[in-house]
Amino acid sequence: NAGVTQTPKFQVLKTGQSMTLQCAQDMNHNSMYWYRQDPGMGLRLIYYSASEGTTDKGEVPNGYNVSRLNKREFSLRLESAAPSQTSVYFCASSEARGGPRPQHFGDGTRLSIL
Amino acid sequence: RKEVEQDPGPFNVPEGATVAFNCTYSNSASQSFFWYRQDCRKEPKLLMSVYSSGNEDGRFTAQLNRASQYISLLIRDSKLSDSATYLCVVNRGQAGTALIFGKGTTLSVSS
Chain A
1 NAGVTQTPKF QVLKTGQSMT LQCAQDMNHN SMYWYRQDPG MGLRLIYYSA
51 SEGTTDKGEV PNGYNVSRLN KREFSLRLES AAPSQTSVYF CASSEARGGP
101 RPQHFGDGTR LSIL
Chain B
1 RKEVEQDPGP FNVPEGATVA FNCTYSNSAS QSFFWYRQDC RKEPKLLMSV
51 YSSGNEDGRF TAQLNRASQY ISLLIRDSKL SDSATYLCVV NRGQAGTALI
101 FGKGTTLSVS S
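First to last, the protein sequences are chains A and B.
Residue 1 is where the first sequence starts when you use this note's numbering, and the numbers rise one by one after that.
Residue 1 is where the second sequence starts when you use this note's numbering, and the numbers rise one by one after that.
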């Protein structure tokens with residue numbers, strides 16, 4: 001069972017470069033999420049997609065864009081990377097029916113911006 | 001008041017000890033509550049959901065006090081493998097699916 005798969009696992013970028021973080025889930029979940037986690041800050045929601053075809057901003061959306069490509073895939077794009085975006089990025093998914101449900105996480109992408 | 005607050009610890013306990021973590025949340029409309037566990041540099045993993053009547057899963061007991069907007073996690077007979085950061089998680093009001101994660105409480109169990 002793959003669950004939530006994130007690629008790449010590690011990436012180093014230069015300031016101003018762009019890249020897309022990929023996320024796919026095989027649990028047939030409706031909702032998907034992108035978080036960043038920084039030391040002392042906890043997990044902060046960047047964007048989420050409650051269902052296929054919808055996306056909404058979370059707590060820290062500036063500098064990011066997302067695409068819900070289909071039910072399985074939810075990508076996060078950094079158009080012009082900045083050192084402040086150095087972080088660990090987690091993708092998660094959950095079933096939306098019946099109210100808030102636990103989220104299942106991928107194993108993260110460690111991104112460094114120089 | 002922060003949306004979800006936890007004592008960051010660290011809690012340093014010997015094997016076999018009982019330890020309790022507390023968490024408070026600010027949104028009285030929140031309906032869903034969870035405890036997650038996160039090992040160093042790994043992804044958060046669901047430990048248990050928290051139900052209104054309180055619930056137990058082996059050595060772990062979770063309690064919810066809606067009136068005080070307070071959640072607790074009790075770990076009995078601590079094991080070395082329990083060493084991790086424990087995250088208190090609350091949904092963002094009413095039926096919203098987005099979850100708010102506390103910053104976590106760090107537990108270190110020693111032999």
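Idealized CB from N, CA, C, for every residue including glycine.
Note that the coordinates shown come from a computational prediction; the quantities given were computed from them, not determined experimentally.
Self-check item: CB of D39 (chain B) within 9 Å of CB of N22 (chain B), strictly
Solution: Position 39 of the second sequence holds residue 39 (chain B). Position 22 of the second sequence holds residue 22 (chain B). No. Outside cutoff.
Quiz item: Beta-carbon separation of N65 (chain A) and L76 (chain A) under 9 Å?
Solution: Walking along the first sequence from the start, residue 65 (chain A) turns up at place 65. Walking along the first sequence from the start, residue 76 (chain A) turns up at place 76. Yes, these two residues count as a Cβ contact at 9 Å.
Quiz item: Looking at the C-beta of P115 (chain A), does it have a partner C-beta in chain B at a distance below 9 Å?
Solution: Beyond the ends of chain A as shown, which are 1 and 114, falls residue 115 (chain A); an answer cannot be given.
Self-check item: Endpoints, the beta strand (DSSP E) within which A82 (chain A) is located
Solution: As a position in the first sequence, residue 82 (chain A) is number 82, starting the count at 1. First-last for A82 (chain A): undefined, no H or E at that position.
Exercise. Taking 9 Å as the cut-off, decide whether the C-beta atoms of F74 (chain A) and Y33 (chain A) are in contact.
Key: For the purposes of this step, residue 74 (chain A) is taken as residue 74 along the first sequence, with counting starting at 1. For the purposes of this step, residue 33 (chain A) is taken as residue 33 along the first sequence, with counting starting at 1. Less than 9 Å separates the beta-carbon of F74 (chain A) from that of Y33 (chain A).
Practice problem: Give a yes or no on contact between the segment 92-110 of chain A and the segment 76-84 of chain B, applying the rule of three or more CB pairs nearer than 8 Å. | Solution: As far as the Cβ criterion goes, the segment 92-110 of chain A does not touch the segment 76-84 of chain B, which means the pair count is below three.
Quiz item: Buried or exposed: where does E43 (chain B) fall if 16 or more other Cβ atoms within 10 Å of its Cβ makes it buried?
Solution: Here residue 43 (chain B) refers to the residue found at position 43 when the second sequence is read from its first residue. Buried, by the Cβ-count rule.
Practice problem: Return no unless some Cβ of chain A is closer than 9 Å to the Cβ of F11 (chain B). | Solution: Translated into the one-based positions of the second sequence, residue 11 (chain B) becomes position 11. It does not: the Cβ of F11 (chain B) has no partner Cβ on chain A nearer than 9 Å.
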